[in-house]
Each structure stands twice: as C-alpha cells, then as structure tokens.
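Numbering (numbering that gives the first Met the number 0), first residue to last: 0 to 125.
The beta carbon of each residue, even a glycine, is placed where N, CA and C say it ideally should be.
Each remark here refers to the structure printed beneath this line.
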Amino acid sequence: MSKFTASGYKKSLSYAIEGLSVAYKTQRNYRFHLLAGFIAILGGILLNFKCIEYCVLILSISFVITAELFNSVIEFALDALYKNKYSKLVKLAKDLSAGVVLIAAMTSILIGLMLFGRKLLIMFLY
C-alpha cells in the first residue's frame, strides 16, 4: 500500500498540469472551449451574475472541457494502439466520443442562452 505524501501529491499534480499543457498545445477544440468559457465568465461579470448563476456557468464550462479532454484521451489512445491505421471500429469510437463533446457543447449553449438571454433582453429593451 502506498503512503499519502506531499511529494506524491506534488508529482501527481505535475503530471496533471503536463497533460493539460499537452492538450492546450495539440488540441484546437480544447483551446476554443477554453476561450469560449473565458468569454462567458467575462460576460457573467459584466452582467453581474449571482453566485448560483456563476455556479451553473462554471459547471457548464467544466462539462464541455472535461468532455473535450476525454475525447482527446480516446483519440490519443486509439491512435497509439492502431498506429493511425484505418479501422471502422476506431472510427466509430472516435465519432462517438466527438458526439459526446457535441452534446456537452449544445447543452452548454442552451444553458448560456438561459443565463444570458433574459439579462441581455432586459438590458437592450429597457
């Protein structure tokens, strides 16, 4: 059984940060979702979101980014296993994981419309 040590946690954290760095450097959609999330948070600041609205917004952003990271994991793992050889099953797995990201993004867009829509309508109509 391994011991829980500060150095062990530090090492785990460094691996996680390295993984996020690789995702940032290699995954265009990851960078896009980070930018979209940052813009959404700025919008929340400008519209004076309440705490619960920030919680929903941050959960929604995290949902999309997490889905994107899992999609990248699946793509990297399958590419490593199949050495970029074509396989119908690999294509299906990649398409399904991309579909997960699409559902997460569409859900976040709907949440964004609910959070921002009413406030923007009030701001522009009154």
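CA-to-CA distance, residue j to residue i, given in whole angstroms
i	j	result
residue 30	residue 6	30 Å
residue 101	residue 116	21 Å
residue 4	residue 20	24 Å
Same chain, Cβ closer than 8 Å to residue i, neighbours up to 5 away in sequence not counted
i	result
residue 56	39, 40, 43, 48, 110, 111, 114
Beta-carbon spacing of residue i, residue j below 9 Å
i	j	result
residue 36	residue 63	yes
residue 22	residue 68	yes
residue 77	residue 92	yes
residue 65	residue 15	no
residue 118	residue 46	yes
As assigned by DSSP and simplified to three states, the class of residue i
i	result
residue 29	helix
residue 65	helix
residue 46	coil
Assigned exposure category for residue i - 16 Cβ within 10 Å defines buried
i	result
residue 70	buried
Own chain residues within Cβ distance below 6 Å of residue i, not counting five before or after
i	result
residue 107	59, 63
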